[in-house]
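**Student:** In this note's numbering, the protein residues as written are 2 to 171. A single structure is presented below for examination.
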């Protein structure tokens with residue numbers, strides 16, 4: 002294995018650990034209908050490095066193992082994060098637009114998942130989707146703000162080692 006590959010594996014492990022720890026340390030924000038899962042701001046790393054799709058998805062998988070909703074949440078919730086990360090990495094050239102993908106994907110997917118698993122009437126689907134979107138929007142706004150304010154910080158972006166979109170379009 003090359004040093005570059007080992008470094009990427011280690012960096013993805015760190016991203017996964019940070020995602021998991023943020024959810025573990027903030028469980029009251031990370032689970033439920035109104036979830037402001039701060040760890041989701043790490044999704045935006047995929048805008049700069051598509052290989053971080055692995056680390057973010059693994060971190061989400063580990064965090065969802067702690068969910069009270071069981072295997073359906075582990076699979077569906079992690080799948081929503083995976084889809085969001087793929088869209089962030091490949092479907093936009095602007096960070097702001099990229100930040101909208103997790104809001105939409107999680108609103109529709111997790112909103113439906115909550116109705117299904119918690120046996121909430123489907124007539125309340127749009128409420129559930131809206132609550133998920135609101136929490137995700139807060140996490141994405143925090144992430145966008147961090148990257149926007151730090152966009153000229155060579156130390157931070159040196160640690161991220163972006164493979165693309167740097168310097169980035171807001």
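In this text, a Cβ means the ideal position worked out from N, Cα and C, and glycines have one as well.
Tell me the DSSP bridge mates of residue 95?
**Tutor:** Note: residue 95 sits in a beta bridge opposite 170.
**Student:** Throw me the rounded Cβ distance for the residue 41 and residue 137 pair, which I believe falls under 8 Å.
**Tutor:** The pair is a contact, with the Cβ atoms about 6 Å apart (cut-off 8 Å).
**Student:** Would you mind sorting residue 154 into buried or exposed? The rule is 16 or more other CB atoms within 10 Å of its CB.
**Tutor:** Exposed is the call here.
**Student:** Tell me the residue span of the alpha helix (DSSP H) that contains residue 12.
**Tutor:** Element bounds for residue 12: 4–26.
**Student:** Measuring CB atoms only, is the segment 57–64 touching the segment 102–116, in the sense that at least three cross pairs come out at less than 8 Å?
**Tutor:** No, the segment 57–64 does not touch the segment 102–116.
**Student:** Quick one: residues in its chain with C-beta nearer than 8 Å to the C-beta of residue 68, no 5 flanking neighbours on either side, listed in chain order?
**Tutor:** The answer, listed in chain order, is 32, 74, 75 and 78.
**Student:** Roughly how many angstroms separate the alpha carbons of residue 149 and residue 97, rounded to a whole number?
**Tutor:** Straight-line Cα distance between these residues: approximately 9 Å.
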